[in-house]
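Here the sequence shown is numbered in the numbering used here, starting from 408 and rising by one per residue. Cβ coordinates follow ideal geometry from the N, Cα and C atoms, glycine included. This structure is a prediction, so every number in the text was calculated from the model and none was measured. Contents: one structure, followed by commentary.
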Amino acid sequence: MATIQIKNVPEEAHAILRQRAADAHQSLQEYLLSKLIADAQRPSFDQWVSRVDQMHADVSMEGFAIDSLVEVLHDERPRR
Numbered sequence: 408m409a410t411i412q413i414k415n416v417p418e419e420a421h422a423i424l425r426q427r428a429a430d431a432h433q434s435l436q437e438y439l440l441s442k443l444i445a446d447a448q449r450p451s452f453d454q455w456v457s458r459v460d461q462m463h464a465d466v467s468m469e470g471f472a473i474d475s476l477v478e479v480l481h482d483e484r485p486r487r
């Protein structure tokens with residue numbers, strides 16, 4: 408596994424992160440590793456925008472009027 412070292416962490420940030428790790432019953436290393444993994448699993452904003460653009464391109468709204476779409480959504484809401 409790779410190693411990451413972070414230097415020059417402000418004391419206040421370090422204290423807050425230590426406390427959050429303690430609150431989660433984790434070491435600081437465990438806490439930060441879980442945060443890094445979670446962040447790496449989420450798409451970046453640019454990736455997300457690209458996915459939305461692709462989904463939009465894949466869905467043709469031609470022939471649909473906004474009023475018709477709103478009406479369909481309104482009619483479907485009570486069924487859920």
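Measure the C-alpha to C-alpha separation of residue i and residue j and round it to an integer number of angstroms.
i	j	result
Ala420	Met408	26 angstroms
Ala429	Thr410	22 angstroms
Pro417	Ala431	21 angstroms
Glu483	Ile413	51 angstroms
His455	Met462	Note that residue 455 is Trp in the sequence shown, not His. Straight-line Cα distance between these residues: approximately 11 angstroms.
Arg479	Ala464	Sequence inspection shows Val at residue 479; the Arg mentioned does not correspond to that position. Taking the straight line joining both Cα atoms gives about 22 angstroms.
My assumption, with CB atoms under 8 angstroms, is that residue i sits in contact with residue j. Please give the rounded CB distance.
i	j	result
Leu435	Arg425	6 angstroms
Determine the closest residue to residue i out of the options, with distance taken between C-alpha atoms.
i	options	result
Tyr438	Arg427, Trp455, Ala447 and Asp446	Arg427
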